[in-house]
Structures are given as structure tokens and as C-alpha cells.
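Asks: Take this structure, written in C-alpha cells, and hold onto it; I'll ask about it next.
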Amino acid sequence: MYWPRLSIRTTVLLAIAAAVLIPAAALWHVDQRLIREVQQPLIQQHRQALMVMASNVLVEPLWTIDSNQVQAALKRTLDEPSVLAVRLAERRPLAPPIVLKRPGITGDAGQPMRTEIVREGEVLADLELRFDEREIERILSARRAGTLQLVALQVLLATAVLLGVFYRRLLRPIQRLKQQASAIAHRAELAPLKWHGEDELGELGQHLNEVHGQIHGLFSELESKKAALETMALHDPLTGLANRTLFAELTLAAVAAARRDNGKLALLFIDLDRFKSVNDQLGHAAGDDLLIALAGRLRATVRESDVVCRHSGDEFTILLHDAHTWDEVAATADRLLKAIEAPMTVREQEASVSASIGIALFPDDAADYEELLRHADTAMYAAKRLGRARHSFFRSEFNSQLQATLRLEKELQYALLHDEFVLHYQPLVAAVGGTVLGCEALIRWMHPVRGMVPPLQFIPAAEQSGLISELGNWTVRAACAQIARWKAAGLNFGTVAVNVSALEFRHHRLVDTLTQAMADFGVQPDELEIELTESVLMTDTETTQRIVERLHALGLRLVVDDFGTGYSSLAYLKHLRPSKIKIDRSFVRDLPADEDDRVLVRAIVQLARALGIAVVAEGVETEPQREFLCGIGCTALQGFLLARPQPAAEFELIVRGGLLVDATRS
Numbered sequence: 001m002y003w004p005r006l007s008i009r010t011t012v013l014l015a016i017a018a019a020v021l022i023p024a025a026a027l028w029h030v031d032q033r034l035i036r037e038v039q040q041p042l043i044q045q046h047r048q049a050l051m052v053m054a055s056n057v058l059v060e061p062l063w064t065i066d067s068n069q070v071q072a073a074l075k076r077t078l079d080e081p082s083v084l085a086v087r088l089a090e091r092r093p094l095a096p097p098i099v100l101k102r103p104g105i106t107g108d109a110g111q112p113m114r115t116e117i118v119r120e121g122e123v124l125a126d127l128e129l130r131f132d133e134r135e136i137e138r139i140l141s142a143r144r145a146g147t148l149q150l151v152a153l154q155v156l157l158a159t160a161v162l163l164g165v166f167y168r169r170l171l172r173p174i175q176r177l178k179q180q181a182s183a184i185a186h187r188a189e190l191a192p193l194k195w196h197g198e199d200e201l202g203e204l205g206q207h208l209n210e211v212h213g214q215i216h217g218l219f220s221e222l223e224s225k226k227a228a229l230e231t232m233a234l235h236d237p238l239t240g241l242a243n244r245t246l247f248a249e250l251t252l253a254a255v256a257a258a259r260r261d262n263g264k265l266a267l268l269f270i271d272l273d274r275f276k277s278v279n280d281q282l283g284h285a286a287g288d289d290l291l292i293a294l295a296g297r298l299r300a301t302v303r304e305s306d307v308v309c310r311h312s313g314d315e316f317t318i319l320l321h322d323a324h325t326w327d328e329v330a331a332t333a334d335r336l337l338k339a340i341e342a343p344m345t346v347r348e349q350e351a352s353v354s355a356s357i358g359i360a361l362f363p364d365d366a367a368d369y370e371e372l373l374r375h376a377d378t379a380m381y382a383a384k385r386l387g388r389a390r391h392s393f394f395r396s397e398f399n400s401q402l403q404a405t406l407r408l409e410k411e412l413q414y415a416l417l418h419d420e421f422v423l424h425y426q427p428l429v430a431a432v433g434g435t436v437l438g439c440e441a442l443i444r445w446m447h448p449v450r451g452m453v454p455p456l457q458f459i460p461a462a463e464q465s466g467l468i469s470e471l472g473n474w475t476v477r478a479a480c481a482q483i484a485r486w487k488a489a490g491l492n493f494g495t496v497a498v499n500v501s502a503l504e505f506r507h508h509r510l511v512d513t514l515t516q517a518m519a520d521f522g523v524q525p526d527e528l529e530i531e532l533t534e535s536v537l538m539t540d541t542e543t544t545q546r547i548v549e550r551l552h553a554l555g556l557r558l559v560v561d562d563f564g565t566g567y568s569s570l571a572y573l574k575h576l577r578p579s580k581i582k583i584d585r586s587f588v589r590d591l592p593a594d595e596d597d598r599v600l601v602r603a604i605v606q607l608a609r610a611l612g613i614a615v616v617a618e619g620v621e622t623e624p625q626r627e628f629l630c631g632i633g634c635t636a637l638q639g640f641l642l643a644r645p646q647p648a649a650e651f652e653l654i655v656r657g658g659l660l661v662d663a664t665r666s
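Once you know that position 394 of the sequence shown is 394 in full-length UniProt numbering, the rest is easy, because the numbers rise by one and skip nothing.
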């Protein structure tokens, strides 16, 4: 069965109507039935009484044969409302019956009642009265009208009372409850309503006041949390700058506006130079403080309308609006470089960094945000290749260079997987006597198409792509494996020096790689040397010192390569205690003709001898160079005059044949 859905108000009103009308209708029905049952005997008695009265009144006139009195008595009987007709039939001979009827009554209408009029035992006449059959209905109708008025009055009074109670105790509280619930649902401001707790709705209203207050508090808390989450979702939590998501949205909108209004934009991609050294020297907390300070400087340098974003780590991006000329953008980039390079105090220590900035312009360099960002990033790497601490505008040829770099990185990955690298060994000979003291292991790439590729053509790409660690790991293991083969063959090869790049040196797995390789191939510490550039050893001193101490704990000796080209520090040299230093070929090239080179090289040799450090001269290509270096006390020599880098088999032949001894003595 289907029940229609009604509101509480309608349901209660219908219930009130039913509660009032149904009893009234039942009372009405019962009253009518009772009236009928009661009135019918009374009417019958009344009719019988009329018959008796009419008979008694007619006795005397009939006995005396007084026709006028008879007529008068019959008329009086007909005047009774319930009598429709009167018929009197006398028993005396030839007396005609007397019939009286109300106007409009025809035929034998009405319900007859008959009786005999008797005196002294003699029947004088037969009397017939016809009564109105609708008399009971008229009486019931009159009673019905009165009863109906009483029932209507009862219904009205009951309805008024119930509706008053319903409105005051139910409808009005429900309306107020609805107002409260609506305010809660729509989070509208509503002062707490006053409720009296004398009934359940009042208690419910008080509870709703409490719930409203709690929900309002929860919504306020949720709003603040939502705002905080939106801020977190669109801003960098450390610096408070826009994050990549927000920056992309703002740049997309700016590009659309610039395309519509023929405007110009500039996107600057900023990468901090050597930021890792700050983390290594001062700690990551200090690095975070530095980033926060730099974020403030970047915001203060550009206009309010420009957008500054922390892209990732130590990378930032800036969107410049209304970038109409290159000069304006370049001037802004220069101001940013100066602001970044200004020294600052971080955790009571002075720190400074530089930055490389790549710049791409819209619509000159790119047609959309992704392309604009990509070209700015490419220009930034170009700035790094040009020497860092500078800015560079994007040029189309950068893309071809980038594609070439990406192809080279893929080829390097393939080369590592398919063992395309080999080691060549350049002998290291004693300056006096020409004895082979060892060699330097130099990596070469046997490219299947380009042939032999020197390290200068692929090492920078390996460092940039992060493959340098894998390449260094391969070099260490290949050198140790060759040492094991030479030892098995009984070759007196001296020591093998392995070059380690800056990125590889600072990697925490370097020491583990060396330890594992030496254990796997049975290499002794005095058979292997680690060769590092001076610039690597003179930066990140705390990290460097820790790694050097671990290498010394393994018994490995350190060789400082390219000595004299970096920012040399005698104090660091004293603490690191390398076994050898190698004079860079730039100081050897013009010997012995150049006076300055002679003074510098002689000073380096004397300093090293004073500290008990052996000195190796690189790049020896002429006999005068060899003679000068031998004369000032240089320990060992290395260069094309003596021997070029050789495959392992040829180096073995050189050592076994003693060719270098004869060459150096001649």
C-alpha cells in the first residue's frame, strides 16, 4: 500500500481533524439512533392520547346528536400538527360519515388509527384518525439541527484549543528547531535561541544550541585547516614561496593574458652554485636557513607583480611580467645575482653562494609554459657551462646541445651495460734513474661507431647525469682486477693510481666500493692509490677530512692532482697528508724558459720535500723539461716524453722490457 509522504504539520493537522471529527460523527450517529428509538414510543403514546381525548370529546355531542359540536370537536382534533385527516362514521341510521382533511391531502394519506366511541355500552360511532408519517422525521430533523449546532460548536472549540496547543507546544518549537537546523546546515550565523526545558522539544533545542556552537567551532577549525592545507598545497613549506603547482597556474594565466594583449614575459630559472658545500660544512639546518634568507632576497629584488617560486631543492624560478626589452630582464638578473652572492650570517657563521640563471622569453623563445620552463632550464645549464655565477639567455642552439648531451647520457648507460669501457695505463717513472714506479689508470670509451673516446668528452656528461658513481665503481673494480692479474703474472708494476671525481669522492659509497673491490681481488693498500684534484680536497673540508680519515684507515695513499691550480692551503695540506702531489702540466709546459714557472715549480718541490711529500711533474714532453725537473729534486715524472697511456698488455711489455729506463737515460 502506498502512503503519501506528508509534513509533520500536515500530519498533525490531519490527526487533529480526525481526532475531533470522528468522535463528533460517532456522537452524531449515536444521537440520531437514540432519538429515533426514544421518540417513536412517545409519538405512539401521543397518538393514542389524541384518540382517547377526541373520543371523549365526541361522546356527548354524538349522544345528543349535536352536529355543530361534533364538527367543532373534529376540527379541533384536525388542528393537531400530527393529524392529517379525521373520519367519523356514526352508527345511527342514515347518518353520513364526516371526513375532514388538511389542505392538500388527497386519498388515504397518513397512518390510520381507529377506535369506537362508546357510551353506556352503546357504540355511537367509529372514529378514524390519520397521522402524519413524517412526523418522526420532522422531530428528528429539528433535533438534528440542534445537535448539529452543538457538534459544530464542539468541533470549533476543540479545534481551537488543539491548534493553540499544537502551535505553541509543537509547531512553533518545530519551526525554531528547523531554523536552528537550517542555520547549522547552511553554516549561517545565528544567536543561540532561548529554550525552556519543560518538554522534550525544549531539551532538543538546548542540545541543538550546543551542537550549533560545537559545529560552528569545528567549521571554523576546518576553515583554518583548509586555508592552511591550501597554503601548503600551493606554497613551499620552508620558504613560503609559491610552489611548482601554483607557479604553473600563475604562469599559464600570465601567458594567456600576454597572448591576448600582445604582452611579453620572462621566466628565470635559478640554480645555486655549490649549495651542497653549505649543507656539508654547516649542516642541513643552516642550509635551510640560507634558503629562507635567499627567498626573502629574491622577493625583495623583484616587483610585487612578479612571481617567485621555489622549484625544488636549491632551484628557484621567477616570472617577470611586462618584460619588453632584453636590457630590462638582464638588469633584473644582474640584481638577483648580486643579491644572492652577498654574504650572510647563518647560525653565527658566514656563508655565501652564487647562482646560475637561465632566461627564456615569451613569445620569442616559447609558445607555452612547459616550453618556456624547459628553455629557461636549458639556458641555466648553459650559464653553468660558461663558468657559473652568471646569467644566460636561451638560444636555439642550446636545444641541439641539450639533445646531444641526452644522447650521450643514453649511450653512456648502454656502454656501462655492455662493457664498452677500458683502462689505459700511463707509466710513472723515477726522475733519477728512470725506474717505473707505477702507473695511472685512465678510463677510455671504446665506442662502437666513434672509436676511442677520451674522458674529457664523456666525464662531464657522466657527472651531470649522475652516472659518475657507476663509472667510478667500474674503474675501481677494473683497476683492482688488473692488479690481481699482474700479481698472478709476477709483474712488478709498482702502484696503480685511480682518479676519483669530486661527486664520486663525496659519495658515501666510495669507501665501501674500495673496501669491497680490494677484498674481492686481493689488492693490498700499498698497491693502490687514490688520485684527487686539489679543488676537491680544498672544499667541503669537514666532509673531506672524514672521508680522508676513512681512506687512511684502509691504508690507502692519497695523491693530489693538478696541484697549484686551485686555492691551495698549506694548513689543509698539512692535515690531509697526501703521499704525493702532482704539479699541473700548466706549470711544466713553459719550463725551463718561463721565469715565473721556474720559481713556482721550485717552490712547490721545496715545500713538498719539507713536508715529506713526493712530487710528480705531469705533462713532461721535452728533454729540457726533464732535465730541469730532475735538477730541482722532483721525485717522479709523467708525460708523453716518457710514455703515453697504454693498454694493459703494452704497459706490461714496457715494464718487463725496461724500455723507460733506457729512454730516460739517453
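Note that CB positions come from ideal geometry on N, CA and C, so glycine has one too. Given the structure is predicted, the values throughout are model-derived calculations rather than measurements.
(1) Taking the alpha-carbon positions, what's the residue 500 to residue 420 distance?
(2) Determine which residues share a DSSP beta bridge with residue 381 and list them.
(3) Report the rounded CA-to-CA distance for residue 258 versus residue 265, giving the unit in angstroms.
(4) Measure the C-alpha to C-alpha separation of residue 657 and residue 438 and round it to an integer number of angstroms.
(5) Report the residue ranges of all alpha helix (DSSP H) runs contained in full by the segment 87 to 166; include only those spanning at least 4 residues, in chain order.
(6) Residue 587 and residue 600: beta carbons closer than 8 Å?
(7) To the nearest angstrom, report how far apart residue 634 and residue 426 are at their CA atoms.
(8) For the segment 363 to 376 against the segment 337 to 348, do three or more pairs of beta-carbon atoms, one drawn from each stretch, fall closer than 8 Å, so that the two count as touching?
(9) Count the other CB atoms, across all protein chains shown, that sit within 10 Å of the CB of residue 262; report buried if there are 16 or more and exposed otherwise.
(10) Using the C-alpha atoms, what's the distance from residue 515 back to residue 484?
(11) Ends of the alpha helix (DSSP H) at residue 264?
(12) Can you give me the start and stop residues for the alpha helix (DSSP H) that residue 670 sits inside?
(13) Tell me, which residues are paired with residue 673 by DSSP?
(14) Within 10 Å of its beta-carbon, does residue 322 have 16 or more other beta-carbons around it, so buried, or fewer, so exposed?
(15) Measure the CB-CB distance between residue 84 and residue 114 and report whether it falls below 8 Å.
(16) May I have the straight-line CA-CA distance separating residue 661 from residue 645, to the nearest angstrom?
(17) Within its chain, find whatever has a CB closer than 7 Å to the CB of residue 527; leave out the 5 residues flanking it on each side and keep chain order.
(18) Could you work out which residue in 273, 638, 559 is closest to residue 390 when comparing CA atoms only?
(19) Output needed for residue 246: all residues of its chain with C-beta closer than 6 Å, excluding positions within five of it in sequence on either side, in chain order.
(20) What's the gap between the Cα of residue 630 and the Cα of residue 555?
(21) I'd like to know whether the C-beta of residue 455 is nearer than 8 Å to at least one C-beta of chain C.
(22) Would you give the residue range spanned by the beta strand (DSSP E) that residue 311 belongs to?
(23) Which same chain residues end up closer than 6 Å to residue 478 when comparing Cβ atoms and leaving out the 5 residues on each side of it in sequence?
(24) If we call anything under 8 Å between Cβ atoms a contact, is residue 379 one with residue 271?
(25) As a quick exercise: from 324, 81, 576, pick the residue whose alpha carbon is nearest that of residue 132.
(26) In angstroms, rounded to a whole number, what distance separates the CA positions of residue 504 and residue 549?
(27) With 16 as the cutoff for other CB atoms within 10 Å, does residue 441 come out buried or exposed?
(28) Can you tell me whether residue 640 is buried or exposed, with buried defined as 16 or more other CB within 10 angstroms of its CB?
(29) If you draw a straight line from the alpha carbon of residue 123 to that of residue 66, how long is it in whole angstroms?
(30) Could you give the C-beta distance for residue 314 and residue 275, rounded to a whole number, given that I count them as a contact under 8 Å?
(31) According to DSSP, is residue 556 part of a helix, a strand, or is it coil?
(32) Is it buried or exposed, residue 414, if we count other Cβ atoms within 10 angstroms and call 16 or more buried?
(33) Throw me the rounded Cβ distance for the residue 307 and residue 298 pair, which I believe falls under 8 Å.
(34) Which one or two residues does DSSP pair with residue 482 in a beta bridge?
(35) List the endpoints of the continuous alpha helix (DSSP H) containing residue 623.
(36) Which value, in whole angstroms, describes the spacing of the CA atoms of residue 627 and residue 655?
Replies: Let me spell this out:
(1) 20 Å
(2) Residue 381 pairs with nothing; no bridge assigned.
(3) 7 Å
(4) Going by the C-alpha atoms only, they are around 15 Å apart.
(5) 135 to 166
(6) Their beta carbons are under 8 Å apart, which means residue 587 touches residue 600 by this criterion.
(7) 18 Å
(8) With a cut-off of 8 Å on Cβ pairs, the segment 363 to 376 is not in contact with the segment 337 to 348, counting fewer than three such pairs.
(9) exposed
(10) 15 Å
(11) From DSSP, residue 264 is part of no alpha helix (DSSP H); its letter is neither H nor E.
(12) This structure cannot speak to residue 670, because the chain is shown only from 1 to 666.
(13) This structure does not reach residue 673, given that the chain is present from 1 up to 666, and the question cannot be answered.
(14) Residue 322 is exposed by the Cβ-count criterion.
(15) no
(16) Low confidence applies here, because residue 661 scores a pLDDT of 40, under 50, leaving its location unreliable; read the following figure in that light. For residue 661 and residue 645, the distance between alpha carbons rounds to 17 Å.
(17) 483, 495, 496
(18) Of the listed residues, the one whose Cα sits closest to residue 390 is 273.
(19) Here the set comprises 234.
(20) 29 Å
(21) Absent from the structure is chain C; it holds one protein chain and no more.
(22) 307 to 312
(23) Excluding residues up to 5 positions away in sequence, 423 lie with their Cβ nearer than 6 Å to the Cβ of residue 478 in the same chain.
(24) no
(25) 81
(26) Taking the straight line joining both Cα atoms gives about 16 Å.
(27) buried
(28) Residue burial is scored here from C-beta neighbours: residue 640 has fewer than 16 other C-beta atoms within 10 angstroms and is therefore classed as exposed.
(29) 16 Å
(30) 4 Å
(31) Residue 556 falls in the coil class under three-state DSSP.
(32) exposed
(33) No, residue 307 and residue 298 are not in contact; Cβ-Cβ is about 11 Å, not under 8 Å.
(34) Per DSSP, none; premise fails for residue 482.
(35) First-last of the alpha helix (DSSP H) with residue 623: 623 to 631.
(36) 23 Å
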